[in-house]
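These notes are about the structure you will find just below.
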């Protein structure tokens with residue numbers, strides 16, 4: 048892990064020009080506020096597999112994901128792992144109802160976060176109701192994803208679960224920064240899957256063998272092609288129909 052102070056020029060352009068600003072917690076702030084807010088943060092770089100924060104650790108910091116993908120998971124009492132989500136740039140992590148983290152977050156590949164001290168962050172937002180509303184908006188979004196995940200883990204076939212995951216991931220990747228809308232990716236554009244088959248299995252409540260067989264079956268049926276680092280949807284309509292089942 049490498050830690051560095053956020054680099055600012057005299058006009059605070061580092062935060063003003065941040066690629067994820069419009070889709071992150073910072074979207075609620077104006078120019079002067081973003082300069083002040085930016086000075087609270089540190090850029091932290093994590094290598095693949097490194098833990099950003101761990102379940103049951105004290106919640107001392109909050110994290111704005113700038114680059115890369117993170118896996119979010121809970122360890123069950125018997126040692127099994129349940130992945131509860133995957134974070135993308137713009138996601139704000141670490142906010143918890145208690146004083147301890149309710150889940151762990153690891154880097155999938157190299158990631159960069161902007162880390163804020165919890166105490167400094169809370170002092171900054173306490174007189175900014177519009178930023179608290181932004182936090183509430185992001186919390187509701189995560190709650191909706193959690194509800195969708197509960198449905199996904201319910202009574203659905205392996206094909207439906209895998210298709211639902213792929214369509215949901217495609218839509219998240221194709222969402223313009225700062226918008227809730229999605230755009231249609233070109234049919235010949237691969238969908239990157241930085242997570243492993245085991246990660247997908249632990250997210251869907253399946254075994255890795257079932258996930259691998261399902262990918263192979265969907266490829267054999269002409270729904271998708273497996274390509275290096277991801278998949279290519281050959282029949283998006285079929286995949287969407289399976290996801291909506």
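In the numbering used here, the protein residues as written are 48 to 292.
Every residue, glycine too, gets a C-beta built ideally from N, C-alpha and C.
C-beta atoms of residue i and residue j nearer than 8 angstroms
i	j	result
residue 239	residue 120	no
residue 150	residue 102	yes
residue 244	residue 255	yes
residue 108	residue 192	no
residue 214	residue 286	yes
residue 87	residue 171	yes
residue 126	residue 67	no
Residue burial classification, residue i (beta-carbon count within 10 angstroms, cutoff 16)
i	result
residue 116	buried
residue 289	buried
residue 177	exposed
residue 51	The predicted model places residue 51 with a pLDDT of 42, which falls under 50 and marks its position as unreliable; any figure quoted below should be read in that light. With fewer than 16 other Cβ atoms within 10 Å, it is exposed.
residue 190	exposed
residue 274	exposed
residue 278	buried
residue 269	exposed
residue 99	buried
Through-space distance from residue j to residue i, alpha-carbon basis
i	j	result
residue 157	residue 188	25 angstroms
residue 324	residue 292	No answer is possible for residue 324: the residues shown for the chain start at 48 and end at 292.
residue 94	residue 159	9 angstroms
residue 216	residue 167	33 angstroms
residue 128	residue 196	15 angstroms
Contact belief for residue i with residue j at Cβ below 8 angstroms, rounded distance in angstroms
i	j	result
residue 135	residue 112	7 angstroms
Span of the beta strand (DSSP E), counted from its first residue to its last, around residue i
i	result
residue 278	277-280
residue 130	128-134
Boundaries (first-last residue) of the alpha helix (DSSP H) holding residue i
i	result
residue 259	255-267
residue 164	From DSSP, residue 164 is part of no alpha helix (DSSP H) but of the beta strand (DSSP E) over 151-164.
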